[in-house]
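Undergrad: Please see the structure below; I have some questions.
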Amino acid sequence: VPPPNVTATMTAVCILLGVPPTMRPTARGGDPVADYWHAAQTRVFKEPKKLIQTLLGFDKDDLEDGAIRRILQLADGKKLEPAEVRQDSLACGAICLWLRAMCTYHEVKKG
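Printed below as a string of structure tokens:
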């Protein structure tokens, strides 16, 4: 299991890119839980070159308020602070910077 900062970053990337979580059963047989880490590993990071192109070509003018709200909720408690994330993963630190830039762009554009 990755560090919480890495998991939060990958969750935020999945949310922003519209990648649904993998639904996993719980150990006690309760309701399934959303597993964004698995979704990130199998769909987002499966092709690193494609991920870079996706991020570079991302339509920042078409961000949904709901997605931004969910990402900002994840950012509570310093889970999406690039410097903190970078300590656990350089790649995720860079992606976290991109996420923050998208959120800032959305807020500025909204006025």
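Add 8 to a position in the sequence shown, counting from 1, and you land on the number used in the numbering used here.
Note that CB positions come from ideal geometry on N, CA and C, so glycine has one too.
Locate the beta strand (DSSP E) running through residue 41, then write down its first and last residues.
TA: Residues 41-43.
Undergrad: In the structure shown, what three-state DSSP assignment does residue 51 receive?
TA: The answer is helix: DSSP assigns residue 51 an H, G or I state.
Undergrad: Would you call the CB atoms of residue 40 and residue 32 closer than 8 Å?
TA: It is a contact, given that the beta carbons lie within the stated cut-off.
Undergrad: Could you check where the alpha helix (DSSP H) with residue 32 kicks off and where it finishes?
TA: No alpha helix (DSSP H) holds residue 32; the beta strand (DSSP E) holding it covers 30-32.
Undergrad: Where are the beta strand (DSSP E) runs, 3 residues long or more, that stay fully inside the region 53-101, in chain order?
TA: As far as the region 53-101 is concerned, it has no whole beta strand (DSSP E) run of at least 3 residues.
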